[in-house]
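One structure below.
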Ligand SMILES: Cc1ncc(COP(=O)(O)O)c(C=O)c1O
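In the working numbering, the protein residues as written are 5 to 361.
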């Protein structure tokens, strides 16, 4: 049975390799810096095992107050795991009073003033709720200047933003592939470890046989020898069915080209913004930044009242949008398969729904 599988054109043992290579081009990384594995939160924990190394003086994690809950749970549990109280160990970035998104200058100021105690800066590259994309380049540089390690959750950034993870010297990043990368619900996730770290032997890590040197893996020796790339963080062989779905999607990304996808995305989202701001209604308000460099393909609309019924009315018309408690409708014209006509038609549906509800 196993022999049969190994003789396939794409053997399961190496199936993930070409996916990592394609994925690397999407996030601005080198092939050896990216690995396809597990799910996002699992990868976040694995990265924190290696990159959250609190000491007596430097033990805090910096995160956004309204980060995705799974990230909050993960960082809080890591802090507790090291015997530190969450109250002492967590710094949460909050927008200024009366504002909904974070100002880069405020993020940089916190890093500058509290950086000596921060072990890890761990932000979502693009906030799932507001749609705000952070200035990862400047945040990483500011963090490094203060001696902090910097990681990003790119669940909403990968396949959506123009990323240069290698050049920005981000230490690590994690992301799922079932949003803009279309691998299907629960699809296999990915992980970036900067080249500066992939061969480090001083970093602790949780290990498994799939991270062991490929040349000797099947000799079944009991001493772990890590693969000299991000693949060294793998623990298990990955489900091929899930990788096959991702493979199909990545091929489309390669054919279209991430630069073209992003240029169309900017026009498409700009068009959506233009049409929505032209609607004469006091009930809706776009909270996503207007500067295209501070967002991706998502606009979050805050609905002042009856938001849920507005969302349901739009959904009834066959438009797939998303509702986030307490008051936000997220709209994401995905450049790979949404057209300018889709955006126009959506806005007609939105107008009708506003009149009806
Ligand atoms: C920003 C963010 N972080 C974490 C997660 C959790 O992902 P997973 O279920 O793959 O762990 C999600 C899922 O939607 C997310 O959007």
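For each residue, glycine too, the CB sits at the ideal point set by N, CA and C.
- Within the DSSP secondary-structure output, residue 125 pairs in a beta bridge with 66, 154.
- The C-beta separation of residue 307 from residue 335 comes to about 12 Å, leaving the pair out of contact by the 8 Å criterion.
- A residue is called buried when at least 16 other Cβ atoms come within 10 angstroms of its Cβ; residue 161 meets this threshold and is buried.
- Assigned with DSSP and collapsed to three states, residue 136 falls in strand.
- When only Cα atoms are considered, residue 106 and residue 140 end up about 13 Å apart.
- Straight-line spacing of the CA atoms in residue 234 and residue 351 works out to 43 Å.
- Rounded to whole angstroms, the Cβ separation of residue 273 and residue 230 is 41 Å, and the two are not in contact under 8 Å.
- When the beta-carbon positions are compared, residue 170 and residue 32 come within less than 7 Å of each other.
- Taking C-beta separations shorter than 8 Å and ignoring five residues to either side along the sequence, the partners of residue 136 in its chain run 105, 106, 130, 292, 293, 298, 299, following chain order.
- Remark: C-beta atoms of residue 178 and residue 48 approach each other more closely than 7 Å.
- Shown here, residue 106 sits in coil according to DSSP, grouped into three states, outside any helix or strand.
- Each residue's CA atom was taken as its position, placing residue 133 and residue 220 some 45 Å apart.
- Distances between the C-beta of residue 180 and the heavy atoms of ligand 1 include at least one below 6 Å.
- If you draw a 10 Å sphere on the C-beta of residue 238, you find 16 or more other C-beta atoms in it, and that means buried.
- Residue 39 has 195 as its beta-bridge partners, per DSSP.
- The C-beta distance from residue 185 to residue 163 rounds to 4 Å, short enough to fall under 8 Å.
- Judged by beta-carbon spacing, residue 72 lies beyond the 7 Å limit of residue 153, meaning their Cβ atoms are not closer than that value.
- Per the Cβ contact rule, the segment 213-227 is not in contact with the segment 251-269 (fewer than 3 Cβ pairs under 8 Å).
- In the structure shown, residue 96 adopts extended strand secondary structure according to DSSP, grouped into three states.
- By the 16-neighbour rule on beta-carbons within 10 angstroms, residue 144 is buried.
- DSSP, reduced to helix, strand and coil, places residue 296 within a helical segment of the structure shown.
- Boundaries of the alpha helix (DSSP H) harbouring residue 280: 262-281, taken from the DSSP string.
- Residue state for residue 176 is assigned as strand, using DSSP reduced to three classes.
- Distance from the CA atom of residue 167 to the CA atom of residue 85, rounded to whole angstroms, is 32 Å.
- Counting along the chain, the unbroken beta strand (DSSP E) around residue 335 starts and ends at 332-335.
- Non-local C-beta neighbours of residue 51 in its own chain, meaning closer than 7 Å and more than five positions away in sequence, comprise 155, 176, 178, 195, ordered along the chain.
- Counting every other CB atom within 10 Å of its CB across the protein chains shown gives residue 268 a total of 16 or more, marking it as buried.
- Contact annotation: residue 118 and residue 62 have beta-carbon atoms that are not nearer than 7 Å.
- Note on residue 157: 16 or more other CB atoms within 10 angstroms of its CB, so buried under the neighbour-count rule.
- As computed with DSSP, residue 289 is found in a beta bridge with 306.
- A residue is called buried once 16 or more other Cβ atoms fall within 10 Å of its Cβ, and residue 345, having fewer, is exposed.
- In the assembly as shown, residue 213 is an exposed residue. Its beta-carbon has fewer than 16 other beta-carbons within 10 Å.
- With a 10 Å radius around the Cβ and a threshold of 16 neighbouring Cβ atoms, residue 309 comes out exposed.
- Secondary structure note for residue 312: its alpha helix (DSSP H) is the uninterrupted segment 311-320.
- Cβ neighbours of residue 276 within its own chain (closer than 8 Å, five residues either side excluded): 303, 335, 337, 347, 350, 351.
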